[in-house]
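Report on one structure; see the data block that follows.
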Amino acid sequence: PGGIMGVLGKLGAVKTGVPFSEVRQSMDSGVIDAATFAPHAHLATKTYKVGKWASTNLNLGSANCPVVVNTEALNALKPAHKEALLGSVNEAIAAYVDNYDNNTTGKYWKAVEDEGLTKITFTPEQTAELNKLAASVREDWVKKNASKFDSKTLFEFTQSLVNE
């Protein structure tokens, strides 16, 4: 909740809306200084060709690729088909994660190396400070949305899923 820009904004970054297809051009022209993406998006936009640095231990992007299932359609499956589908989830996720880690992320770090980007490694103290800022962003999100829906319960539920 609040997104990456919530934390970066607390550090002085200015949020700018740039369509994905225009990120590289915006970096080329100096409209933006940096982009926070998951590795596959940096590969797609080739931001590493104009960037100057990459963080080694702070992934500012994410590869959130949810799987959505229509409950009615799932329940309409024959028991054997439903069992086969649900029984393949862990294996499918493991294959996805393995492929992403070993192929996509590997290609990204090779591109970073090939382009000679400076690698920035945040210290434990710096990451602790970022975690404090992130906690305050989450708290702000819960407060901001409390009058619209049960934001605290939603946040706690989502956090419990992340912690599994």
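In terms of the working numbering, the sequence shown opens at residue 13 and continues consecutively.
Here a beta-carbon is modelled for each residue, glycine too, at the ideal position from N, C-alpha and C.
- Task: Name, in chain order, the residues that DSSP records as bridge partners for Thr130.
- Result: Trp65.
- Query: Are the Cβ atoms of Ala146 and Val30 separated by less than 9 Å?
  - Reply: no
- Message: By alpha-carbon positions, which one of Ala25, Val26, Ile44 and Gly21 ends up nearest to Glu34?
- Response: Ile44
- Message: Let me confirm a value: Val174 is counted as buried when at least 16 other C-beta atoms fall within 10 Å, else exposed. Which label applies?
- Response: In the assembly as shown, Val174 is an exposed residue. Its beta-carbon has fewer than 16 other beta-carbons within 10 Å.
- Asn175 (DSSP reduced to helix, strand or coil): coil
- Query: Hey, out of Thr117, Thr59, Gly128 and Thr28, whose CA is closest to Asn69's CA?
  - Reply: Comparing Cα positions, the closest option is Thr117.
- Is it true that the CB of Lys64 sits closer than 9 Å to the CB of Leu129? yes
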